[in-house]
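Residue numbers (this note's numbering): 384 to 521.
Heads up, the beta-carbon is just placed ideally off N, CA and C, and yes, glycines get one too.
Contents: one structure, followed by commentary.
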């Protein structure tokens with residue numbers, strides 16, 4: 384009986400230690416893009432560093448209206464619909480909260496050299512307004 388109780392206590396201790404120390408990393412970064420045409424359009428996407436694109440939050444404006452994953456006041460709500468990222472491109476679509484239509488899309492292309500890096504693309508709003516953007520990753 385003592386051996387099985389000892390084994391059970393040891394197993395519980397190990398599980399608790401693993402649970403406390405094996406938490407996933409919550410490191411994150413940002414993709415921040417601004418329109419190059421002076422319109423004021425921009426998008427900021429908070430991302431988690433995982434093997435897949437993991438959007439934590441986002442804020443976008445077409446220079447007049449704003450959309451946010453944490454909408455308040457006059458901001459329009461949107462949610463992360465789908466996305467893909469690799470070392471040459473980022474594709475992100477945000478939908479309305481009912482997932483009935485895509486309201487904001489971002490298409491980026493990336494290139495890097497020995498000492499330089501560039502990221503640019505297109506930001507579109509509800510398939511109506513389209514803006515050329517230049518971006519930074521934070």
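Going by Cα to Cα distance, which pick from the options is closest to residue i?
| i | options | result |
| --- | --- | --- |
| residue 510 | 490, 486, 495, 456 | 486 |
| residue 454 | 480, 467, 447, 465 | 480 |
| residue 465 | 449, 459, 484, 416 | 484 |
| residue 438 | 445, 452, 444 | 452 |
| residue 462 | 501, 488, 434 | 488 |
| residue 459 | 494, 477, 412 | 477 |
| residue 447 | 496, 441, 457 | 457 |
| residue 442 | 419, 499, 425 | 425 |
| residue 434 | 427, 516, 445, 467 | 467 |
| residue 508 | 471, 494, 499, 445 | 445 |
State the Cα-Cα distance for the pair residue i and residue j, rounded to the nearest angstrom.
| i | j | result |
| --- | --- | --- |
| residue 404 | residue 490 | Confidence at residue 404 is low in this model, with a pLDDT of 37, below 50, so the placement of that residue should be treated as unreliable; the coordinate-derived value is given next. Rounded to whole angstroms, residue 404 to residue 490 spans 37 Å at the Cα level. |
| residue 469 | residue 414 | 14 Å |
| residue 474 | residue 503 | 12 Å |
| residue 501 | residue 482 | 32 Å |
| residue 431 | residue 412 | 6 Å |
| residue 429 | residue 440 | 5 Å |
| residue 436 | residue 495 | 20 Å |
Report back the beta-carbon spacing between residue i and residue j to the nearest angstrom; my notes put them in contact at under 8 Å.
| i | j | result |
| --- | --- | --- |
| residue 492 | residue 418 | Rounded, the Cβ-Cβ distance is 16 Å, inconsistent with contact. |
Whole beta strand (DSSP E) elements within the segment 437 to 477, 3-residue minimum: 449 to 451, 462 to 468
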